[in-house]
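Residue numbers (the UniProt record's numbering): 1 to 403. A virtual CB, placed ideally from N, CA and C, is assigned to each residue, including glycine.
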Amino acid sequence: MPLIIPEFFIEQDEKYIIIKLKLPYVKPTKSEFNMMGKQFSFFLKPYLLQLTFNEFLKDAEQPAKAVYDPEIWSLKVYLEKLNIGEHFTELDMIGLLMNKKSKKNKQFKGQLIEVIESTNDKQESQNIDQNQDEQQEGYVNPYCYGFNNQYKDVFDDLEEELYEIAILDPKQIAKQDRKSLAFQFIQKQFDKDTYLYDLLENEQVDEILIYEFKFQQQFNIDEINQISKLGKREYLIENKEYCLFGIIDILFAFLYENSLFQGDLNLESAITINQLSSQFQAFYIENDLENVLINNYQRALTFPMIRSFEICVKTKNLLIEVLQNKIQIIKILLAVEGLFAKAKPRNYLNLIYLQDYIVWAQSIKEEDLQTLSKQIKKLKIDKSQLQLNIPIIENEAIQQFQE
Numbered sequence: 001m002p003l004i005i006p007e008f009f010i011e012q013d014e015k016y017i018i019i020k021l022k023l024p025y026v027k028p029t030k031s032e033f034n035m036m037g038k039q040f041s042f043f044l045k046p047y048l049l050q051l052t053f054n055e056f057l058k059d060a061e062q063p064a065k066a067v068y069d070p071e072i073w074s075l076k077v078y079l080e081k082l083n084i085g086e087h088f089t090e091l092d093m094i095g096l097l098m099n100k101k102s103k104k105n106k107q108f109k110g111q112l113i114e115v116i117e118s119t120n121d122k123q124e125s126q127n128i129d130q131n132q133d134e135q136q137e138g139y140v141n142p143y144c145y146g147f148n149n150q151y152k153d154v155f156d157d158l159e160e161e162l163y164e165i166a167i168l169d170p171k172q173i174a175k176q177d178r179k180s181l182a183f184q185f186i187q188k189q190f191d192k193d194t195y196l197y198d199l200l201e202n203e204q205v206d207e208i209l210i211y212e213f214k215f216q217q218q219f220n221i222d223e224i225n226q227i228s229k230l231g232k233r234e235y236l237i238e239n240k241e242y243c244l245f246g247i248i249d250i251l252f253a254f255l256y257e258n259s260l261f262q263g264d265l266n267l268e269s270a271i272t273i274n275q276l277s278s279q280f281q282a283f284y285i286e287n288d289l290e291n292v293l294i295n296n297y298q299r300a301l302t303f304p305m306i307r308s309f310e311i312c313v314k315t316k317n318l319l320i321e322v323l324q325n326k327i328q329i330i331k332i333l334l335a336v337e338g339l340f341a342k343a344k345p346r347n348y349l350n351l352i353y354l355q356d357y358i359v360w361a362q363s364i365k366e367e368d369l370q371t372l373s374k375q376i377k378k379l380k381i382d383k384s385q386l387q388l389n390i391p392i393i394e395n396e397a398i399q400q401f402q403e
């Protein structure tokens, strides 16, 4: 029987790290624990949880206290801090806690547990190492793509799948040429009649504008499992700002579509989110924050079911709030990964973008996110900046109405 990670949540007080474990249909009296240095291990077949904290626990083979509530299958475990009063950091970044490697790892008595890397993780690691070697030698491949520009051969022999996802072949179009081709495509696809209908007649827009996004402060068990499957990855980041802009591109795409469906996303939403992101559809990201947002607006007025400048403004304001909540950022990335996993061939976008973003996002500094949030708050996107002739289209419509 494969071992599974139990649903768990972590909190702390002055003296203890408190881990709440949900353990249905098992006897907690058979639980095995170990606390050594920064490591905590828990085993109760079929459950296994191994965490590595940033700060030190008091070494022990049993928790200071454990309380079981059979009505809700909950085991609350109290781990004593080595230094009472010390604040343990990053307790909400469960991926970092689960994936850190320790120099020492004491095995459970009578229980040998072997952790094996997946084949996919090894292949991805090889690809990353290869591209990192190129970067270290000063070579930048103009035909690379994906998170941190670290992929280049994923779509070999996958032409049909590629053109269902994207509008260009990144092995044929260099990075510096993708933006212009993508904008030409947007200009061709932009439909002024659809835009004007949503502006002047579509009553759904008002309903969407009053919809309130539901912020969540904890990961659920499915999200914990998603994060744990991604394992530990290390990155030599070529351009941190570029990666942060990539996250903004994805967040805006999700938040816009999520507003349209008021949180009830479906497989069609995966297609729209694909179109709303310049990374997903054309394998590029703007190198300037204002242009990232301009591109988001252009796409939001071209591809979704409802195309509204007011909803773009609402999405930008919501983005400012989301950037102040790292858990919510990761939850959105996980949600997009889940949608793409069910909407093949967009699962390839998980491989080259989402999985890496989810792992990397857990290590982003809070001050970087705060800075981005403040910068976006200062920006005001005007309709004339979108290069879609929107002011002219609106003026013509007003004149026709008056006549």
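Identify which residue in 280, 92, 315 has its Cα closest to the Cα of residue 163.
For the purposes of this step, residue 163 is taken as residue 163 along the sequence shown, with counting starting at 1. Of the candidates 280, 92, 315, the one whose C-alpha sits nearest the C-alpha of residue 163 is 280.
Excluding the 5 residues flanking residue 16 on each side, which residues of the same chain have their C-beta closer than 7 Å to its C-beta?
In the sequence shown, the residue the question calls residue 16 occupies position 16. The answer, listed in chain order, is 64, 78, 79, 80, 81.
Straight-line Cα distance separating residue 267 from residue 127:
For the purposes of this step, residue 127 is taken as the residue at position 127 of the sequence shown. For the purposes of this step, residue 267 is taken as the residue at position 267 of the sequence shown. The predicted model places residue 127 with a pLDDT of 44, which falls under 50 and marks its position as unreliable; any figure quoted below should be read in that light. Distance between the alpha carbons of residue 127 and residue 267: 30 Å.
In whole angstroms, what separates the C-alpha of residue 182 from that of residue 75?
Translated into positions along the sequence shown, residue 182 becomes position 182. Translated into positions along the sequence shown, residue 75 becomes position 75. The straight-line gap from Cα to Cα measures roughly 53 Å.
Could you check which residue in 55, 47, 387 has the C-alpha nearest to that of residue 39?
Start at 1 with the first residue of the sequence shown, and residue 39 comes out as number 39. Residue 55 is the option with its Cα nearest to residue 39.
Relative to the C-alpha of residue 376, which residue among 298, 300, 321, 357 is closest?
Here residue 376 is taken as the residue at index 376 of the sequence shown, counted from 1. Per the Cα distances, 321.
Give a yes or no on contact between the stretch 260 to 277 and the stretch 145 to 157, applying the rule of three or more CB pairs nearer than 8 Å.
no
How many whole angstroms separate the CB atoms of residue 28 and residue 44, which I take to be in contact at a CB cut-off of 8 Å?
Here residue 28 refers to the residue found at position 28 of the sequence shown. Here residue 44 refers to the residue found at position 44 of the sequence shown. Going by Cβ atoms, the distance from residue 28 to residue 44 rounds to 7 Å, so yes, they are a contact pair.
Secondary structure, alpha helix (DSSP H): runs of 4+ residues fully inside the stretch 208 to 234:
221 to 230
Would you say the stretch 292 to 299 touches the stretch 226 to 240, given that touching needs at least three Cβ pairs under 8 Å?
no
For residue 146, which residues in the same chain have their Cβ closer than 7 Å to its Cβ, ignoring the five residues on either side in sequence?
For the purposes of this step, residue 146 is taken as residue 146 along the sequence shown, with counting starting at 1. Counting only Cβ-Cβ distances below 7 Å, and skipping sequence neighbours, we find 352, 353.
Whose C-alpha, out of 345, 13, 248, is nearest the C-alpha of residue 372?
The sequence position of residue 372 within the sequence shown is 372, counting from 1. It is 248.
Between the alpha carbons of residue 338 and residue 201, how many angstroms are there, rounded?
Along the sequence shown, read from residue 1 onward, the residue named residue 338 stands at position 338. Along the sequence shown, read from residue 1 onward, the residue named residue 201 stands at position 201. Approximately 34 Å, taken between the alpha carbons.
If you drop the 5 nearest sequence neighbours on each side, which residues of the same chain put their C-beta closer than 7 Å to that of residue 359?
Taking the sequence shown and counting its residues from 1, the one referred to as residue 359 is at position 359. If we look at residue 359 and ignore the five residues flanking it on each side, its Cβ neighbours are 95, 230, 233.
Secondary structure at residue 79, three-state DSSP: helix, strand or coil?
Translated into positions along the sequence shown, residue 79 becomes position 79. It is a strand residue.
Residue 113 to residue 13 span [Cα, whole Å]
Mapped onto the sequence shown, residue 113 falls at position 113. Mapped onto the sequence shown, residue 13 falls at position 13. Note that residue 113 scores 29 on pLDDT, short of 50, meaning its location in the model is unreliable and no value can be drawn from it.
In terms of DSSP beta bridges, what is residue 52 paired with?
Residue mapping note: residue 52 aligns to position 52 of the sequence shown, counting from 1. Answer is 39.
Would you be able to state if there are at least three C-beta pairs under 8 Å between the stretch 188 to 203 and the stretch 303 to 314?
yes
Distance check for residue 144 and residue 124, CA to CA, integer angstroms please.
The residue labelled residue 124 in the question sits at position 124 within the sequence shown. The residue labelled residue 144 in the question sits at position 144 within the sequence shown. Caution is warranted here: a pLDDT of 42 is assigned to residue 124, below 50, making its placement in the model unreliable, and no coordinate value can be reported.
Contacts around residue 388, its chain only, beta-carbon distance under 6 Å, and the 5 residues preceding and following it disregarded:
Taking the sequence shown and counting its residues from 1, the one referred to as residue 388 is at position 388. Around residue 388: 190.
So residue 21 is in the beta strand (DSSP E); what residue range does that whole segment cover?
For the purposes of this step, residue 21 is taken as residue 21 along the sequence shown, with counting starting at 1. Here the beta strand (DSSP E) through residue 21 covers 16 to 22.
Using beta-carbon positions only, say whether residue 318 and residue 255 come within less than 9 Å of one another.
Stepping through the sequence shown from its first residue, residue 318 is reached at position 318. Stepping through the sequence shown from its first residue, residue 255 is reached at position 255. Yes. Within cutoff.
With a threshold of 8 Å, are at least 3 pairs of Cβ atoms found where one atom belongs to the stretch 278 to 293 and the other to the stretch 324 to 333?
no
Can you tell me where the alpha helix (DSSP H) holding residue 166 begins and where it ends?
Residue 166 sits at position 166 when you count from the first residue of the sequence shown. No alpha helix (DSSP H) holds residue 166; DSSP gives it neither H nor E.
Considering only the alpha carbon of each residue, which of 10, 348, 312, 24 lies closest to residue 198?
Sequence index remark: in the sequence shown, residue 198 carries index 198 (1-based). For the residues 10, 348, 312, 24, the minimum Cα distance to residue 198 belongs to 312.
Please report the distance separating the alpha-carbon of residue 5 from that of residue 187.
Walking along the sequence shown from the start, residue 5 turns up at place 5. Walking along the sequence shown from the start, residue 187 turns up at place 187. Taking the straight line joining both Cα atoms gives about 48 Å.
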